[in-house]
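Note sheet for the following structure.
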Amino acid sequence: MAEYIAPLADFNFVISELAGLGDLNKLPNFEHATDDLLEPILEEASRFAREVLSPTNVIGDQQGCSVEAGTVKVPSEFHDAYKLFVEGGWQGLDCSQDHGGMGMPALIGSATAEMWATANMALSLCPMLTSGAIDTIELHATDELKQRYLPKLVSGEWSATMDLTEPQAGSDLARVRAQAIPEGNHYKVSGTKIYITWGDHEMAENIVHLVLARLPDAPEGVRGISLFLVPKFLVNDDGSLGDRNDVYATSVEHKLGIHASPTCVLNFGDNDGAVGYLVGQENRGLACMFTMMNLARLQVGIQGLAISERSYQAARDYAKERVQGQVPGSHESARIIQHPDVRRMLMTMRSLVEAMRATAYVSASAIDVAHHAEDADTRAGALERSALLTPVVKGWMTEVALELASTGVQVHGGMGFVEETGVAQYLRDAKILTIYEGTTGIQANDLVGRKILADSGLGMQHLLKEMADFDAKLASCGPDLDSVRKAVARGRKRLEEATNWLLGKAQDEPAVVYLAAFDYLMLAGTVIGGWQMGRAAEISHRKLDGKQGNADFYKAKLITARFYAEEIMPRSAGYFEAATSGGSAAMELPEEQF
Ligand SMILES: Cc1cc2nc3c(=O)[nH]c(=O)nc-3n(C[C@H](O)[C@H](O)[C@H](O)COP(=O)(O)OP(=O)(O)OC[C@H]3O[C@@H](n4cnc5c(N)ncnc54)[C@H](O)[C@@H]3O)c2cc1C
Numbered sequence: 006m007a008e009y010i011a012p013l014a015d016f017n018f019v020i021s022e023l024a025g026l027g028d029l030n031k032l033p034n035f036e037h038a039t040d041d042l043l044e045p046i047l048e049e050a051s052r053f054a055r056e057v058l059s060p061t062n063v064i065g066d067q068q069g070c071s072v073e074a075g076t077v078k079v080p081s082e083f084h085d086a087y088k089l090f091v092e093g094g095w096q097g098l099d100c101s102q103d104h105g106g107m108g109m110p111a112l113i114g115s116a117t118a119e120m121w122a123t124a125n126m127a128l129s130l131c132p133m134l135t136s137g138a139i140d141t142i143e144l145h146a147t148d149e150l151k152q153r154y155l156p157k158l159v160s161g162e163w164s165a166t167m168d169l170t171e172p173q174a175g176s177d178l179a180r181v182r183a184q185a186i187p188e189g190n191h192y193k194v195s196g197t198k199i200y201i202t203w204g205d206h207e208m209a210e211n212i213v214h215l216v217l218a219r220l221p222d223a224p225e226g227v228r229g230i231s232l233f234l235v236p237k238f239l240v241n242d243d244g245s246l247g248d249r250n251d252v253y254a255t256s257v258e259h260k261l262g263i264h265a266s267p268t269c270v271l272n273f274g275d276n277d278g279a280v281g282y283l284v285g286q287e288n289r290g291l292a293c294m295f296t297m298m299n300l301a302r303l304q305v306g307i308q309g310l311a312i313s314e315r316s317y318q319a320a321r322d323y324a325k326e327r328v329q330g331q332v333p334g335s336h337e338s339a340r341i342i343q344h345p346d347v348r349r350m351l352m353t354m355r356s357l358v359e360a361m362r363a364t365a366y367v368s369a370s371a372i373d374v375a376h377h378a379e380d381a382d383t384r385a386g387a388l389e390r391s392a393l394l395t396p397v398v399k400g401w402m403t404e405v406a407l408e409l410a411s412t413g414v415q416v417h418g419g420m421g422f423v424e425e426t427g428v429a430q431y432l433r434d435a436k437i438l439t440i441y442e443g444t445t446g447i448q449a450n451d452l453v454g455r456k457i458l459a460d461s462g463l464g465m466q467h468l469l470k471e472m473a474d475f476d477a478k479l480a481s482c483g484p485d486l487d488s489v490r491k492a493v494a495r496g497r498k499r500l501e502e503a504t505n506w507l508l509g510k511a512q513d514e515p516a517v518v519y520l521a522a523f524d525y526l527m528l529a530g531t532v533i534g535g536w537q538m539g540r541a542a543e544i545s546h547r548k549l550d551g552k553q554g555n556a557d558f559y560k561a562k563l564i565t566a567r568f569y570a571e572e573i574m575p576r577s578a579g580y581f582e583a584a585t586s587g588g589s590a591a592m593e594l595p596e597e598q599f
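So the number in the working numbering is just where the residue sits in the sequence shown, counting from 1, plus 5.
What follows is the structure in structure tokens.
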């Protein structure tokens with residue numbers, strides 16, 4: 006089974022050169038986030054991921070989790086690994102120093118999150134949800150709740166969950182029915198939530214549930230939903246743990262993948278009501294929850310990147326050893342990495358992984374700027390960019406992850422389909438990524454509806470302009486980057502035309518617009534990824550010209566960028582054609598014919 010080795014050179018390159026750590030470092034609160042600190046953090050995180058988390062991955066897949074005597078059990082190896090995670094202070098890496106965190110940018114937190122997810126996706130979901138809850142509490146809760154809950158969440162001693170889904174309320178949160186009744190300084194929450202990730206376990210001393218529920222007189226729909234903090238154990242004034250609250254896991258789901266992530270049915274208030282505290286304003290809970298959901302969407306996209314990296318590493322290592330056939334023109338036995346078709350698969354994996362890493366980290370960096378820049382216009386611009394990129398990172402990257410995990414199995418041939426190489430687990434684990442945190446269909450609707458039509462395409466126009474301006478830089482690199490330059494220019498034109506097409510159809514043919522949404526999302530991801538690979542190629546070209554840094558790394562980057570331009574960017578033509586065909590056949594077939 007392949008060991009996970011974090012590609013530190015690519016992490017450093019993307020964070021410093023593409024996502025602009027140097028610029029973040031000039032923002033208030035990030036003065037300490039220097040390039041000098043980046044390398045030791047990434048090295049230590051990589052060691053932790055490889056030595057502590059990764060060895061628990063297959064154990065988790067095989068043992069899964071269960072409910073015993075009303076408590077959820079996960080493999081004991083997870084307890085040991087999580088204890089070391091807490092002792093290492095990893096949960097607080099990108100949390101505010103006000104509550105005990107290290108105050109690093111989300112950009113660096115995203116890199117460590119990628120490593121945790123590559124090493125063990127099921128386990129990494131626990132700290133991922135805690136991170137989202139920390140941000141939500143920090144932005145929306147009262148000072149009293151912050152002081153009581155944040156330090157223990159930031160240290161990782163307590164974990165958190167996100168509780169939206171109910172049997173009748175999945176993608177459609179307007180159907181949420183859980184109830185919250187005011188009682189003194191708190192509320193009594195009741196109802197059933199399903200599919201709650203890490204909804205119960207004993208790795209942390211306490212679990213903080215962030216729960217969507219309705220007040221008795223709340224209006225129907227999403228404008229009548231409030232957000233509540235419901236702890237597993239109540240917390241006394243001195244910070245010690247008090248009574249067990251009335252929230253219990255009644256079962257865990259048996260799933261296709263992420264077996265060791267307990268996906269719980271949680272019952273609130275079956276006995277005397279679960280004590281909960283309002284976060285934000287009454288009936289405005291969904292807006293607060295979006296803080297958590299947006300962060301989680303970025304992080305689920307990063308999980309797609311993570312599982313793709315792991316699949317790539319396993320496929321590459323196998324392809325270097327497995328001997329089969331001869332390459333054309335030779336009578337010598339060949340290792341399968343020598344076959345052109347295996348090369349195609351490996352380069353597809355490698356180039357998409359690098360494009361995804363660049364896209365995700367540029368997006369994370371925009372979140373940092375949106376939160377920390379002093380100038381309001383800069384903050385607004387970064388917010389617009391991160392809002393635009395969030396559904397692309399979540400939707401495109403998770404669809405690609407599924408493709409690449411499958412390609413990883415393909416490189417292994419039959420050995421990929423049997424469990425012992427471990428790559429079948431990556432494919433099983435990857436499937437959830439296109440479903441939770443909003444399915445791909447929901448991301449596509451969000452991109453088209455809220456991010457393109459709602460602002461008349463302005464955010465996309467700003468992005469396309471930057472892409473167009475970048476052409477001059479690629480041109481200055483000369484013929485070496487010709488194919489990259491042409492591919493970025495063609496992709497940009499397609500994305501621009503498709504955006505205008507959507508805007509033109511929105512008024513009179515809304516169904517056609519939403520039929521186009523998936524292909525538009527995939528077009529946007531493919532082209533934005535290609536633009537980032539173009540940026541990577543341009544920087545690598547300059548570094549090689551100036552004889553700076555690691556020449557082998559930059560040469561490999563140039564070849565990988567060329568592969569993306571020549572073999573991946575043509576996908577944008579297909580997505581463009583499908584998105585703008587205007588065909589309504591899907592809606593025409595009568596339901597009874599399905
Ligand atoms: C392993 C796992 C972990 C999870 N963890 C959590 C968690 O921690 N907290 C939590 O609250 N939830 C969690 N969920 C729930 C998850 O977010 C939902 O499953 C997801 O949002 C989809 O909802 P649904 O399953 O009800 O599917 P549905 O909403 O019924 O969707 C079914 C299909 O219809 C499509 N569809 C639905 N509405 C639309 C629309 N308006 N436009 C176009 N297409 C549409 C969807 O894209 C999908 O293809 C988890 C789920 C799983 C399986």
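All C-beta atoms in this analysis are idealised placements derived from N, C-alpha and C, irrespective of residue type, glycine included.
Just so we're clear, the structure is a prediction, and the values are computed from it rather than from any experiment.
I need the DSSP call for residue i, collapsed to helix, strand or coil.
i: H191; result: strand
i: R327; result: coil
i: Y317; result: helix
i: S167; result: Per the sequence presented here, residue 167 reads as Met, with Ser not at that position. Residue state, collapsed to three classes: strand.
i: F273; result: strand
i: L283; result: strand
i: V252; result: strand
i: T147; result: coil
i: I447; result: helix
i: R182; result: coil
i: Y200; result: strand
i: V240; result: strand
i: L291; result: helix
i: G25; result: coil
i: L155; result: helix
i: V489; result: helix
i: L300; result: helix
i: L246; result: strand
i: A174; result: strand
Just to confirm my understanding: we take residue i, look at its own chain, exclude 5 residues before and 5 after, and list those with CB closer than 6 Å. What are they?
i: K548; result: G554, Y559
i: W95; result: none
i: L291; result: V227, I230
i: T472; result: Here the sequence assigns Met to residue 472, which means Thr is not the residue at that position. Excluding residues within five positions, the ones whose Cβ falls inside 6 Å are R497, W536.
i: C131; result: S164, W203
Nearer than 7 Å: is that true of the beta carbon of residue i relative to any heavy atom of ligand 2?
i: E501; result: Of the ligands this structure carries, namely ligand 1, none is ligand 2.
Note down, in chain order, each residue of its chain lying with its Cβ closer than 8 Å to the Cβ of residue i, except the 5 sequence neighbours on either side.
i: D251; result: F273, G274, D275, N276, D277, G278, A279, V280
i: G662; result: Because the chain here runs from 6 to 599, residue 662 falls outside it and cannot be looked at.
With the cut-off set at 8 Å, would you say residue i and residue j are in Cβ contact?
i: G539; j: L479; result: yes
i: D205; j: T61; result: no
i: A365; j: L303; result: yes
i: G413; j: A319; result: yes
i: L500; j: K456; result: no
i: A24; j: S370; result: yes
i: A254; j: F233; result: no
i: T403; j: G306; result: yes
i: L526; j: G400; result: yes
At which residues does the beta strand (DSSP E) containing residue i begin and terminate?
i: P236; result: 231–236
Starting from residue i, trace the alpha helix (DSSP H) both ways and give me its first and last residue.
i: I212; result: Looking at the DSSP string, I212 is not in any alpha helix (DSSP H); the run it does join, the beta strand (DSSP E), is 211–218.
i: G65; result: 62–68
i: H467; result: 463–480
i: F558; result: 556–568
i: N17; result: 13–18
i: G588; result: Looking at the DSSP string, G588 is not in any alpha helix (DSSP H), and its letter there is neither H nor E.
i: T49; result: It should be pointed out that residue 49 corresponds to Glu in this sequence rather than to Thr. First-last of the alpha helix (DSSP H) with E49: 40–53.
i: D460; result: Element bounds for D460: n/a, residue is neither H nor E.
i: D434; result: 428–435
i: F422; result: 419–422
Can you give me the Cβ contacts of residue i inside the same chain, cut-off strictly under 7 Å, excluding the 5 residues immediately before and after it?
i: I64; result: P80, E82
i: S160; result: V91, Q96, G97, G105
Is any beta-carbon of chain D found at less than 8 Å from that of residue i?
i: A503; result: Here there is only one protein chain, and chain D is not present.
Taking only runs of the alpha helix (DSSP H) that begin and end inside the stretch 74–114, which ones reach a length of at least 4 residues, in chain order? 81–92
Ignoring anything shorter than 4 residues, give me the alpha helix (DSSP H) runs that lie fully in the stretch 493–550, in order along the chain. 515–550
Where in the stretch 320–403 do unbroken runs of the alpha helix (DSSP H), each at least 4 residues long, occur, reported from the N-terminal end onward? 345–377
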